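Before any comments, here is the structure.
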Amino acid sequence: MISFCFPFQFIHKLKTYFRHSFTNSFFFLFQLFHSIFSKFTSTMARPIESVMDINDSKDLWKIVVRCRHLWTVRSSSNKEHLELILVDSKLDMIQAIVPSHLVSKYVGDLAVGASYIMQNFKVSNNDFSFKSTTHGYKLVFCGLTYVKKTELPEIPIDYFNILGLASIADGKFQPNVLVDIVGGVTEILQTQINSDNNKSKFVFMITDMSKIVVQCTLWGNFALQFYEYYKNHGEDVNIVFLLQNARIKAAQGGFPLNVSNAWSGTKLIINDISNVEIKKLKDSLNAELPKLSSSSLQVETTQTSQYSDFDKFIWKAEVISLAEIAMLKQETTCFTIAKLEKFEVGNSGWYYDGCAECTKSVTVKDGKLKCYANHISSEPVPRYKLEVLGVDGKFKSRFVFWDSDCFKLIGKSALQMKNELVEAGEDNPLEFPFGLDAMLKKELAIRAVFQPKFNRLSVISFKDDEDSRKKVKDTFKSHEDVSKIPISLSSSQDDMKSLSEPLSVSADFDPNAANSVMTPCKRINSEASEDVESVQLSSTKTMKPVKKEDGR
Numbered sequence: 001m002i003s004f005c006f007p008f009q010f011i012h013k014l015k016t017y018f019r020h021s022f023t024n025s026f027f028f029l030f031q032l033f034h035s036i037f038s039k040f041t042s043t044m045a046r047p048i049e050s051v052m053d054i055n056d057s058k059d060l061w062k063i064v065v066r067c068r069h070l071w072t073v074r075s076s077s078n079k080e081h082l083e084l085i086l087v088d089s090k091l092d093m094i095q096a097i098v099p100s101h102l103v104s105k106y107v108g109d110l111a112v113g114a115s116y117i118m119q120n121f122k123v124s125n126n127d128f129s130f131k132s133t134t135h136g137y138k139l140v141f142c143g144l145t146y147v148k149k150t151e152l153p154e155i156p157i158d159y160f161n162i163l164g165l166a167s168i169a170d171g172k173f174q175p176n177v178l179v180d181i182v183g184g185v186t187e188i189l190q191t192q193i194n195s196d197n198n199k200s201k202f203v204f205m206i207t208d209m210s211k212i213v214v215q216c217t218l219w220g221n222f223a224l225q226f227y228e229y230y231k232n233h234g235e236d237v238n239i240v241f242l243l244q245n246a247r248i249k250a251a252q253g254g255f256p257l258n259v260s261n262a263w264s265g266t267k268l269i270i271n272d273i274s275n276v277e278i279k280k281l282k283d284s285l286n287a288e289l290p291k292l293s294s295s296s297l298q299v300e301t302t303q304t305s306q307y308s309d310f311d312k313f314i315w316k317a318e319v320i321s322l323a324e325i326a327m328l329k330q331e332t333t334c335f336t337i338a339k340l341e342k343f344e345v346g347n348s349g350w351y352y353d354g355c356a357e358c359t360k361s362v363t364v365k366d367g368k369l370k371c372y373a374n375h376i377s378s379e380p381v382p383r384y385k386l387e388v389l390g391v392d393g394k395f396k397s398r399f400v401f402w403d404s405d406c407f408k409l410i411g412k413s414a415l416q417m418k419n420e421l422v423e424a425g426e427d428n429p430l431e432f433p434f435g436l437d438a439m440l441k442k443e444l445a446i447r448a449v450f451q452p453k454f455n456r457l458s459v460i461s462f463k464d465d466e467d468s469r470k471k472v473k474d475t476f477k478s479h480e481d482v483s484k485i486p487i488s489l490s491s492s493q494d495d496m497k498s499l500s501e502p503l504s505v506s507a508d509f510d511p512n513a514a515n516s517v518m519t520p521c522k523r524i525n526s527e528a529s530e531d532v533e534s535v536q537l538s539s540t541k542t543m544k545p546v547k548k549e550d551g552r
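Laid out in structure tokens, this is it:
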């Protein structure tokens, strides 16, 4: 008689019993049963799953992958986290994040080209402004994430997500998805080296086996890397390069279709024939690519901007008439023409009580006069905030003008205007001084952010000279054909990097604080418009424009 015992002991006793008591055929059946039972017990360990199947229904995913790319991202608070691209044997990719507080734990285990068994992650939506993969989700390392290096030869060591220039020229790309591009340099258009302030720029034309030619622009350290390669490799060199995690920008206005680097996550490989993609293209195009002499480079080393004031004024903004603005459905940075007709009377007066150190509004907190940045003021500083009706023919829109622009148009500060009222014996805070009318009846070229929620435009800057107005008008199409005009609606995050930030029109602050005559605030660098948009691949937030004061 066989007593009850641990399953594996039980199996052993059954084997012994059946060997001595039954025929060989029956023993064969038992062996089959044992095989099935063994497989059943092994399912206690989680199976390996495909990267493509990852979703947020659970966190206990177990994958075998190779680290395809790894880089560091520094946040505005000066903290660093890691981002990496993982690829499995099916060549499906997903982006992963190692938060700053876990970097020291995992940084020594992670390396580009190494393969791993990984499991246990937080899974969240792939909500990056610019995505390194098309996967709908991303992985976030946590304290329980398991990483074990192992050899996985079935996953390619060098896998690149190459997008051909023909596809790019045909518009077969997603503008918010970063891709890998390989190309040969056919012509150098501009070399601007400003190593002191990291505003270097290298602009050139590239081609591939399709013979399609596309413009490429490298910024910052990538431009310096390209320039240094030319300098250090003597005369008559031809270049084939691979740009990993490259950004594609569609042609817009006067700007051509362009390929460029992102600030974070891009890798540049030049003339490395150990790279399969570079060698393949180099072998194909070597006889056709021109040999470019480093001595022929026309290098601009001046820090003076090549762009005119008007170029900066219209940089990364839609040229939209008031007729077209009425049709917009989302927040859009634009420039337009309008004649300032009259003041719009709303829920506030012509000025607000501002901070003495910044342009935010102030209120009494804990018995002290404070703004939202907790600056303490002994007394409020009056700052203009005027809502004006602008007209262009039969079309109208409301514009919010802020302190610095109002001062330029009126010629007096809000404090001067208020003091003159008091001296004249007028103590009504809702009295609109007659002197404000100096800004009316003027036709301006205006750069603004249209905010559909409030159906008005928050003014960033303006031009009042005839030449600027004419240039803007020349770009407009006739109002009679407005219904046929395809309007390009830009994302508020992608419209402006350095010249503006979407503004809350319910807040009291001057977006042009740098020009305020009352407050020595930070100046927005007028030359920052030359820079490529910052592509901050952050694990906790999407891309942000350059920080500006706000009044919330």
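UniProt numbering applies: residue 1 is where the sequence shown begins, and numbers increase by one.
Virtual Cβ for every residue (Gly too), placed ideally from N, Cα, C.
Given the structure is predicted, the values throughout are model-derived calculations rather than measurements.
Next on the checklist: Using C-beta distances below 8 Å, list every residue in its chain close to H69, excluding the 5 sequence neighbours before and after it, in chain order.
Outcome noted: Cβ neighbours of H69 within its own chain (closer than 8 Å, five residues either side excluded): L84, I85, V112, S132, Q244, N245, G265 and K267.
Checklist entry - When the Cα atoms are used, what is the spatial distance from residue 553 to I269? => result Since the displayed the chain opens at 1 and closes at 552, residue 553 lies outside it and no answer follows.
Checklist entry - Between which two residues does the alpha helix (DSSP H) harbouring D405 extend? => result Its alpha helix (DSSP H) spans residues D403 to I410.
Next on the checklist: Mapping the DSSP letters down to three states, classify H135 as helix, strand or coil.
Outcome noted: coil
Checklist entry - When you compare only the Cα positions, how much space is there between V362 and P452? => result 27 Å
Checklist entry - According to DSSP, which residues form a beta bridge with residue 565? => result Past the edges of the chain, shown from 1 to 552, lies residue 565, and the structure says nothing about it.
Item to check | DSSP three-state assignment for D56, whether helix, strand or coil | outcome: coil
Checklist entry - Grouping DSSP H, G and I as helix and E and B as strand, with all else coil, what is L322? => result The answer is helix: DSSP assigns L322 an H, G or I state.
Next on the checklist: At 4 residues or longer, what runs of the alpha helix (DSSP H) sit wholly inside the region 117 to 175?
Outcome noted: Counting only runs of 4 or more, we get 165 to 169.
Next on the checklist: Closest to C406 by C-alpha separation, out of D392, K463 and G367, would be which residue?
Outcome noted: K463
Item to check | Spatial neighbours of I212 in its chain, beta-carbon cut-off 6 Å, leaving aside the 5 residues before and after | outcome: Answer for I212: L165, A166 and A169, listed in chain order.
Checklist entry - Given A438, which residues of its chain have a CB within under 7 Å of its CB, disregarding the five upstream and five downstream residues? => result L409, I410 and G411
Item to check | Nearest candidate by alpha-carbon position, reference Y352, set K62, G253, P382 and D366 | outcome: Nearest C-alpha to Y352: P382.
Item to check | DSSP-derived helix/strand/coil call for D353 | outcome: strand
Next on the checklist: Please state whether the Cβ-Cβ distance between T186 and F202 is less than 9 Å.
Outcome noted: no
Item to check | When Q225, V182 and E318 are compared against V259, the one with the closest alpha-carbon | outcome: Relative to the Cα of V259, the nearest Cα in the group Q225, V182 and E318 belongs to V182.
Checklist entry - Between the C-alpha atoms of W315 and A262, what's the straight-line distance to the nearest angstrom? => result Near 19 Å, if we compare the C-alpha coordinates of A262 and W315.
Item to check | V422 - containing alpha helix (DSSP H), residue span | outcome: In this chain, the alpha helix (DSSP H) harbouring V422 covers A414 to E423.
Next on the checklist: Spatial neighbours of I273 within its chain, please: C-beta separation below 8 Å, excluding the five flanking residues on both sides.
Outcome noted: K279 and K282
Item to check | Beta carbon of V51 nearer than 9 Å to that of S115 | outcome: no
Checklist entry - Where do the N-terminal and C-terminal ends of the beta strand (DSSP E) with D392 fall, by residue? => result V381 to D392
Checklist entry - Between E357 and the rest of its own chain, which residues show a CB-CB distance below 6 Å, the 5 nearest in sequence each way excluded? => result H375
Item to check | Exposure of T240, with buried meaning 16 or more beta-carbon neighbours within 10 Å | outcome: What sits at residue 240 in the sequence shown is Val, not Thr. That one is buried.
Checklist entry - Within 10 angstroms of its Cβ, does E318 collect 16 or more other Cβ (buried), or is it exposed? => result Counting Cβ neighbours within 10 Å, E318 comes out buried, since at least 16 surround it.
Next on the checklist: Between the alpha carbons of H233 and C67, how many angstroms are there, rounded?
Outcome noted: 31 Å
Next on the checklist: I need the straight-line Cα distance from D465 to P433, nearest angstrom please.
Outcome noted: The C-alpha of P433 is placed about 26 Å away from the C-alpha of D465.
Next on the checklist: I'd like the list of long-range same chain contacts for A250, defined as Cβ closer than 8 Å, with 5 residues on each side in sequence excluded.
Outcome noted: G171, P175 and L257
Checklist entry - So what does DSSP say about S378, is it helix, strand or coil? => result In this structure, S378 counts as coil in the three-state DSSP scheme.
Checklist entry - Alpha carbon to alpha carbon, what distance is there between S124 and K471? => result Take the alpha-carbon of K471 and the one of S124: they are about 47 Å apart.
Item to check | Backbone CA spacing between S104 and C142 [nearest angstrom] | outcome: 13 Å
Item to check | 8 Å contact criterion, which S397 and I460 should meet: CB distance rounded | outcome: Between I460 and S397 the Cβ distance is about 15 Å, and since that is not below 8 Å, they are no contact.
Item to check | Simplified DSSP state of K342, which is helix, strand or coil | outcome: strand
Next on the checklist: If distances are taken between C-alpha atoms only, which option among K122, G367, T336 and D309 comes closest to L444?
Outcome noted: T336
Checklist entry - So, helix, strand or coil for V107, using DSSP? => result Here V107 sits in coil by DSSP.
Checklist entry - Between the beta-carbon of F204 and the beta-carbon of I188, is there less than 9 Å? => result Their beta carbons are under 9 Å apart, which means F204 touches I188 by this criterion.
Checklist entry - Counting along the chain, where does the alpha helix (DSSP H) carrying K267 start and finish? => result In the DSSP annotation of this structure, K267 is not part of any alpha helix (DSSP H); the continuous beta strand (DSSP E) holding it starts and ends at K267 to I270.
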